[in-house]
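Contents: one structure, followed by commentary.
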Amino acid sequence: AQKITQTQPGMFVQEKEAVTLDCTYDTSDQSYGLFWYKQPSSGEMIFLIYQGSYDEQNATEGRYSLNFQKARKSANLVISASQLGDSAMYFCAMREGILTGGGNKLTFGTGTQLKVEL
Amino acid sequence: ETGVTQTPRHLVMGMTNKKSLKCEQHLGHNAMYWYKQSAKKPLELMFVYSLEERVENNSVPSRFSPECPNSSHLFLHLHTLQPEDSALYLCASSQSLQGAFNQPQHFGDGTRLSIL
Numbered sequence: 003a004q005k006i007t008q009t010q011p012g013m014f015v016q017e018k019e020a021v022t023l024d025c026t027y028d029t030s031d032q033s034y035g036l037f038w039y040k041q042p043s044s045g046e047m048i049f050l051i052y053q054g055s056y057d058e059q060n061a062t063e064g065r066y067s068l069n070f071q072k073a074r075k076s077a078n079l080v081i082s083a084s085q086l087g088d089s090a091m092y093f094c095a096m097r098e099g100i101l102t103g104g105g106n107k108l109t110f111g112t113g114t115q116l117k118v119e120l
Numbered sequence: 307e308t309g310v311t312q313t314p315r316h317l318v319m320g321m322t323n324k325k326s327l328k329c330e331q332h333l334g335h336n337a338m339y340w341y342k343q344s345a346k347k348p349l350e351l352m353f354v355y356s357l358e359e360r361v362e363n364n365s366v367p368s369r370f371s372p373e374c375p376n377s378s379h380l381f382l383h384l385h386t387l388q389p390e391d392s393a394l395y396l397c398a399s400s401q402s403l404q405g406a407f408n409q410p411q412h413f414g415d416g417t418r419l420s421i422l
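Listed in order, the protein sequences are those of chains C and P. So in our numbering, the last one in the first sequence is 120, and the numbering has no gaps at all. So in our numbering, the last one in the second sequence is 422, and the numbering has no gaps at all.
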């Protein structure tokens, strides 16, 4: 079974609108962390935002926020006021804890291609 | 951010060639990683190094040979590759393998490898 599922291969949003990119995860660990990365066409993976499994509040970083619903095992990325430069692939990733052997290993989803239009 | 630098950016090689990919991190991190990114597939973790010691090898074929001479440099030596090895190879680093959950991995721009 996939540990990280991103069901939207592609998304379109108009400039200045908000967009939500979906991510669901599967783990038996109580301690884990969820990351979102952005990958422009240049190839570099850019870290955007982090949510810990014990964090009581949803993470926010500038225009990025995370809609974390632990019981549903979802960690959706919300981008507000979309800009043309937001067009890129977006990856959700998970770092699991002790039950999976620990270590800073990330499991990635297949990504969502976001296109921001005028 | 240019904390992790990969060279070359693009590489085309024949199946009988030998080449190496280079990664250098300027972040003072102790852990380094090689990933393979193929089209429409999740990133695949290939190798993990912590303080120059290999701690993980995810069933990667022996035609890929990593080397970590120090905590700032990581190489991936390639020989007799197959067409299915064509992909984007990404290097990443992090402060450590253990420690706080919230430490992200920092990635380079990748090397786009094409096998003829």
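No residue lacks a Cβ here, since even glycine has one placed at the ideal position from N, Cα and C.
Please go through the same chain and pick out, in chain order, the residues whose beta-carbon is closer than 7 Å to the beta-carbon of residue i, but skip the five residues on each side of it.
i	result
Gln85 of chain C	Glu17, Val118
Asp415 of chain P	Gln312, Arg315
Compare the Cα-Cα distances from residue i to each of the options and report the closest residue.
i	options	result
Phe381 of chain P	P:Glu350, P:Asp391, P:Ala398, P:Ala345	P:Ala398
Tyr395 of chain P	P:Pro367, P:Gln404, P:Phe407, P:Thr417	P:Thr417
Ser420 of chain P	P:Glu359, P:Ser326, P:Gln312, P:Leu317	P:Leu317
Pro367 of chain P	P:Arg360, P:Gln401, P:Ser377, P:Phe353	P:Phe353
His383 of chain P	P:Pro375, P:Glu330, P:Ser371	P:Ser371
Glu19 of chain C	C:Ser89, C:Thr109, C:Lys107	C:Ser89
Ser326 of chain P	P:Gly334, P:Trp340, P:His335, P:His332	P:Trp340
Met319 of chain P	P:Phe413, P:Ser365, P:Ser400, P:Glu390	P:Glu390
Thr109 of chain C	C:Asn60, C:Tyr34, C:Leu79, C:Gly87	C:Tyr34
Leu351 of chain P	P:Lys328, P:Glu359, P:Asn364	P:Asn364
Three-state secondary structure (DSSP) at residue i?
i	result
Leu349 of chain P	coil
Glu63 of chain C	strand
Glu119 of chain C	strand
Leu394 of chain P	strand
Gly35 of chain C	strand
Leu384 of chain P	strand
Leu86 of chain C	helix
How should residue i be labelled, buried or exposed, when 16 other C-beta atoms within 10 angstroms of its C-beta is the threshold for buried?
i	result
Tyr56 of chain C	exposed
Lys347 of chain P	exposed
Arg97 of chain C	buried
Ser344 of chain P	exposed
Gln41 of chain C	buried
Thr114 of chain C	buried
Gln404 of chain P	exposed
Asn408 of chain P	exposed
Gly45 of chain C	buried
Met91 of chain C	buried
Please list, in chain order, all residues of the same chain as residue i whose beta carbon is under 6 Å from its beta carbon, the five residues on each side excluded.
i	result
Lys324 of chain P	His385
Phe37 of chain C	Tyr52, Ala95
What does a CB cutoff of less than 8 Å around residue i pick up in its chain, not counting 5 residues either side in sequence?
i	result
Gln4 of chain C	Asp28, Gly111
Met13 of chain C	Val21, Leu23, Thr114, Gln115, Leu116, Lys117
Arg369 of chain P	Leu384, His385, Thr386, Leu387, Gln388, Asp391
Val361 of chain P	Val354, Tyr355, Leu403
With respect to 7 Å, is the separation between the Cβ of residue i and the closest non-hydrogen atom of the ligand GDP below this value?
i	result
Leu403 of chain P	The ligand GDP is not among the ligands present in this structure, which contains no ligands whatsoever.
Ignoring anything shorter than 3 residues, give me the beta strand (DSSP E) runs that lie fully in the segment 313 to 378 of chain P, in order along the chain. 316 to 319, 324 to 331, 337 to 343, 350 to 356, 359 to 363, 370 to 376
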